[in-house]
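Line by line, the protein sequences are chains X and Z. At position 89 of the first sequence (counting the first as 1) the number is 89 in my numbering, and the numbers step up by one without a gap. At position 78 of the second sequence (counting the first as 1) the number is 372 in my numbering, and the numbers step up by one without a gap.
There are 2 protein chains.
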Amino acid sequence: MEPVSTEHVTAFRRFNRYFTRRIGALDDHYLGQDRPLGEARLLFEIGDGISLRELRTRLGLDAGYLSRMTKALEAQGMVGVRVHPDDSRSRIVELTPAGRVELKEQQRRANALVSDLLGGLTPGQRTDLTDAMATTRRLLRLAAITVRLVDAASTDARACLDAYAADIDARFPEGFDPADLVRPEEVSGDAGAFFVAYEEGLPVGCGALRRLEPGVGEIRHVWVHPEARRLGLARRLLGALEREASARRLSVVRLDTHAALSEAQAMYRACGYTEIPRYDDNVYASHWFEKRLS
Amino acid sequence: MEPVSTEHVTAFRRFNRYFTRRIGALDDHYLGQDRPLGEARLLFEIGDGISLRELRTRLGLDAGYLSRMTKALEAQGMVGVRVHPDDSRSRIVELTPAGRVELKEQQRRANALVSDLLGGLTPGQRTDLTDAMATTRRLLRLAAITVRLVDAASTDARACLDAYAADIDARFPEGFDPADLVRPEEVSGDAGAFFVAYEEGLPVGCGALRRLEPGVGEIRHVWVHPEARRLGLARRLLGALEREASARRLSVVRLDTHAALSEAQAMYRACGYTEIPRYDDNVYASHWFEKRLS
DNA sequence: ATATTTCTTTGACTGTAGTCAAAGAATCGG
DNA sequence: CCGATTCTTTGACTACAGTCAAAGAAATAT
Numbered sequence: 001m002e003p004v005s006t007e008h009v010t011a012f013r014r015f016n017r018y019f020t021r022r023i024g025a026l027d028d029h030y031l032g033q034d035r036p037l038g039e040a041r042l043l044f045e046i047g048d049g050i051s052l053r054e055l056r057t058r059l060g061l062d063a064g065y066l067s068r069m070t071k072a073l074e075a076q077g078m079v080g081v082r083v084h085p086d087d088s089r090s091r092i093v094e095l096t097p098a099g100r101v102e103l104k105e106q107q108r109r110a111n112a113l114v115s116d117l118l119g120g121l122t123p124g125q126r127t128d129l130t131d132a133m134a135t136t137r138r139l140l141r142l143a144a145i146t147v148r149l150v151d152a153a154s155t156d157a158r159a160c161l162d163a164y165a166a167d168i169d170a171r172f173p174e175g176f177d178p179a180d181l182v183r184p185e186e187v188s189g190d191a192g193a194f195f196v197a198y199e200e201g202l203p204v205g206c207g208a209l210r211r212l213e214p215g216v217g218e219i220r221h222v223w224v225h226p227e228a229r230r231l232g233l234a235r236r237l238l239g240a241l242e243r244e245a246s247a248r249r250l251s252v253v254r255l256d257t258h259a260a261l262s263e264a265q266a267m268y269r270a271c272g273y274t275e276i277p278r279y280d281d282n283v284y285a286s287h288w289f290e291k292r293l294s
Numbered sequence: 295m296e297p298v299s300t301e302h303v304t305a306f307r308r309f310n311r312y313f314t315r316r317i318g319a320l321d322d323h324y325l326g327q328d329r330p331l332g333e334a335r336l337l338f339e340i341g342d343g344i345s346l347r348e349l350r351t352r353l354g355l356d357a358g359y360l361s362r363m364t365k366a367l368e369a370q371g372m373v374g375v376r377v378h379p380d381d382s383r384s385r386i387v388e389l390t391p392a393g394r395v396e397l398k399e400q401q402r403r404a405n406a407l408v409s410d411l412l413g414g415l416t417p418g419q420r421t422d423l424t425d426a427m428a429t430t431r432r433l434l435r436l437a438a439i440t441v442r443l444v445d446a447a448s449t450d451a452r453a454c455l456d457a458y459a460a461d462i463d464a465r466f467p468e469g470f471d472p473a474d475l476v477r478p479e480e481v482s483g484d485a486g487a488f489f490v491a492y493e494e495g496l497p498v499g500c501g502a503l504r505r506l507e508p509g510v511g512e513i514r515h516v517w518v519h520p521e522a523r524r525l526g527l528a529r530r531l532l533g534a535l536e537r538e539a540s541a542r543r544l545s546v547v548r549l550d551t552h553a554a555l556s557e558a559q560a561m562y563r564a565c566g567y568t569e570i571p572r573y574d575d576n577v578y579a580s581h582w583f584e585k586r587l588s
């Protein structure tokens with residue numbers, strides 16, 4: 001990894017300071033007008049029926065703390081609580097009509113505040129601001145994602161592979177049989193490696209490397225969660241897989257891809273892969289690529 | 295003012311939520327490791343000797359609260375307090391050597407955290423991020439600045455005019471005599487108007503409008519604080535002055551400018567002003583402009 | 001069926017942030 | 001010089017955020 005220059009760090013921290021102190025505080029301020037901030041946030045996160053369990057993990061709250069806040073909101077008539085239909089240990093919170101009204105009002109006020117702020121800008125400046133924010137967010141999300149080597153048999157790896165299989169099953173005209181996924185033993189130990197990308201602790205992408213023949217590796221199942229696409233994550237996964245291949249003294253990596261995945265093909269080309277003749281008998285493949293690692 | 299589109303508001307709030315929850319929280323987290331967040335922020339703001347008074351207004355803290363926090367930091371040996379040399383009601387806080395060490399360590403850790411985050415990006419992406427953040431910050435600052443009609447004899451107006459005079463005195467080869475500034479009565483009531491731009495409650499720019507002859511106004515003393523330049527504030531001031539002129543049924547506004555202020559000339563042209571022959575006997579002027587208001 | 005784990009509630013806390021009012025000391029305005 | 005104002009400290013609060021442990025009920029694993 002290239003060292004991070006001081007200017008970038010300074011610029012980042014300047015922005016962080018400015019934004020959190022001056023702008024971000026707005027949000028908490030209007031939210032906290034009618035009720036404690038914690039409760040307001042809770043109200044916001046409770047869409048239409050969510051289990052306490054999920055709320056707790058999503059917001060990272062203490063169970064007791066959450067229980068009490070929920071009770072307070074219930075006493076105010078903002079939410080209703082009922083037992084989970086499938087698991088009577090768990091409970092489901094949902095907004096009451098009054099809660100919905102309250103939330104809507106909260107949103108209205110927040111929007112008015114933002115409208116007010118943006119009103120000082122010309123339409124062109126507003127567009128520029130929106131674009132710059134989108135870029136900032138995209139790159140920050142990408143930066144905050146970590147790619148880790150994991151056991152291909154782990155829960156997270158399975159979850160990614162299952163999502164990947166369902167994904168391409170829907171995109172390939174001929175469908176996709178999950179039995180054609182790599183087996184864990186093909187991508188662990190000396191045979192290969194499996195990487196999972198995490199955002200906020202949740203798996204949002206994966207990629208597999210397996211030894212094809214001496215000095216040659218194969219990259220398979222590079223997948224990115226729909227919510228994490230267009231960030232540049234596939235490239236990062238590819239980079240991690242290539243570094244792993246280099247470390248394993250593989251001088252060449254190959255991969256194949258389906259005709260339906262044209263964006264993927266464009267990406268492989270952009271990442272230095274060149275098309276080669278068929279090297280396997282993968283029934284789903286229509287294009288084959290190779291990259292020589294330095 | 296053009297209505298603010300829903301997309302811009304939504305995009306803004308999405309960014310706000312993401313940033314404050316995910317990224318901004320980082321800062322508070324590392325700061326709050328060794329001591330309460332309030333104390334850590336205080337330590338950060340205490341540079342080399344600052345009066346309690348200024349700290350209080352800058353951070354918007356309660357006097358009692360600040361007093362107690364300062365005492366706590368003093369007890370920890372982080373800061374020293376002494377009376378203000380010019381006003382013994384006031385007290386000055388400054389970092390002790392130990393406090394400086396602590397602050398440095400705090401900075402080091404914060405930088406390391408950011409470095410870590412940015413390490414996930416390629417150098418090109420880091421530059422893109424820095425640029426996008428700079429744009430975001432610039433436009434947010436501009437949006438948060440309010441332009442208000444104020445009495446030209448007020449403290450804020452005087453402060454701006456004095457700064458303006460000092461500013462151009464340094465830039466004009468022949469200097470500038472403050473006696474040549476507009477007199478308050480020339481730009482108040484029916485005679486004219488005076489605007490001051492505020493950022494975070496502090497005056498950061500001004501502009502004056504005065505009636506030159508029936509139907510014709512003159513814009514003078516458009517000035518922006520060095521810290522608030524390159525945001526597009528001069529254009530906003532100009533816009534406010536023009537709207538005021540329109541409201542006063544002036545159909546034409548004129549202004550003159552010094553040869554040394556070439557950026558100003560470019561801005562006037564870009565804002566629809568056209569050069570006209572000399573219309574006054576201002577000794578500092580070398581170019582004269584006019585704009586017909588619709 | 002029994003032990004273990006999961007999910008929630010309740011009680012008993014702690015620490016931080018922040019407010020308000022009173023009062024003492026110094027300065028300022030007339 | 002005197003009254004008003006400014007700056008700070010102190011006392012007495014409040015509320016919010018959050019933690020920890022115990023315990024009950026239901027689900028799951030063996």
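Every residue, glycine too, gets a C-beta built ideally from N, C-alpha and C.
Inter-residue spacing [alpha-carbon to alpha-carbon] between residue i and residue j
i: Pro36/X; j: Ser262/X; result: 50 angstroms
i: Arg514/Z; j: Gly201/X; result: 58 angstroms
i: Asp356/Z; j: Gly469/Z; result: 44 angstroms
i: Ala245/X; j: Pro214/X; result: 12 angstroms
i: Asp445/Z; j: Ala534/Z; result: 15 angstroms
i: Arg350/Z; j: Thr96/X; result: 43 angstroms
i: Ser361/Z; j: Glu368/Z; result: 10 angstroms
i: Leu443/Z; j: Gly64/X; result: 53 angstroms
i: Arg230/X; j: Asp471/Z; result: 58 angstroms
i: Leu527/Z; j: Ala264/X; result: 45 angstroms
CB contact below 8 angstroms: residue i versus chain X
i: Val420/Z; result: Looking at the sequence itself, residue 420/Z is Arg, so the reference to Val does not match. At least one chain X Cβ lies under 8 angstroms of Arg420/Z.
i: Ser409/Z; result: yes
i: Gly318/Z; result: yes
i: Thr424/Z; result: yes
i: Val298/Z; result: yes
i: Asp321/Z; result: yes
i: Thr314/Z; result: yes
i: Met427/Z; result: yes
i: Arg360/Z; result: Position check: residue 360/Z holds Leu in this sequence, whereas Arg was assumed. Chain X contact via Cβ: absent.
Proximity winner among the options, relative to residue i (alpha-carbon distances)
i: Leu503/Z; options: Leu532/Z, Arg316/Z, Leu360/Z and Asn576/Z; result: Leu532/Z
i: Val271/Z; options: Leu349/Z, Gln370/Z and Gly499/Z; result: Any question about residue 271/Z goes unanswered here, given that chain Z covers just 295 to 588.
i: Asp550/Z; options: Leu336/Z, Pro520/Z, Arg432/Z and Trp582/Z; result: Trp582/Z
i: Phe194/X; options: Val222/X, Ala40/X and Gly99/X; result: Val222/X
i: Arg586/Z; options: Ser580/Z, Ala579/Z and Cys565/Z; result: Cys565/Z
i: Ala447/Z; options: Ala426/Z, Ser409/Z, Val490/Z and Met427/Z; result: Val490/Z
i: Glu199/X; options: Arg53/X, Asp156/X, Thr136/X and Val114/X; result: Asp156/X
i: Ala285/X; options: Ala259/X, Leu113/X and Ser88/X; result: Ala259/X
i: Arg537/Z; options: Val441/Z, Ser299/Z, Pro467/Z and Glu521/Z; result: Val441/Z
i: Phe15/X; options: Thr136/X, Leu212/X, Gln33/X and Leu113/X; result: Thr136/X
i: Gly24/X; options: Glu39/X, Leu117/X and Thr70/X; result: Leu117/X
i: Arg138/X; options: Glu227/X, Thr70/X and Arg13/X; result: Glu227/X
Contact under 8 angstroms by Cβ, residue i with residue j
i: Val387/Z; j: Ile344/Z; result: yes
i: Gly511/Z; j: Leu475/Z; result: no
i: Glu290/X; j: Arg235/X; result: no
i: Ala392/Z; j: Gly371/Z; result: yes
i: Arg91/X; j: Val79/X; result: no
i: Arg347/Z; j: Glu339/Z; result: no
i: Gly32/X; j: Ala40/X; result: yes
i: Arg13/X; j: Ala404/Z; result: yes
Residue-level contact to chain Z via CB, residue i, 8 angstroms cutoff
i: Leu121/X; result: yes
i: His8/X; result: yes
i: Val196/X; result: no
i: Asn282/X; result: no
i: Thr136/X; result: yes
i: Ile46/X; result: no
i: Leu161/X; result: no
Check: residue i C-beta below 7 angstroms from any heavy atom of the ligand MG
i: Val101/X; result: Absence of the ligand MG from the depicted structure is noted, as is the absence of any ligand whatsoever, leaving it without description.
Would you check if there are 3 or more beta carbon pairs closer than 8 angstroms linking the region 395-405 of chain Z to the region 301-310 of chain Z? no
Mind the definition here: the region 153-170 of chain X touches the region 458-476 of chain Z only if three or more C-beta pairs lie below 8 angstroms; say whether that holds. no
Counting Cβ pairs, one atom from each stretch, are 3 or more of them under 8 angstroms apart for the region 480-489 of chain Z and the region 566-585 of chain Z? no
For the pair the region 422-439 of chain Z and the region 125-135 of chain X, tell me if three or more CB-CB distances fall below 8 angstroms. yes
Is there contact here, the region 17-35 of chain X with the region 317-330 of chain Z, by at least three beta-carbon pairs under 8 angstroms? yes
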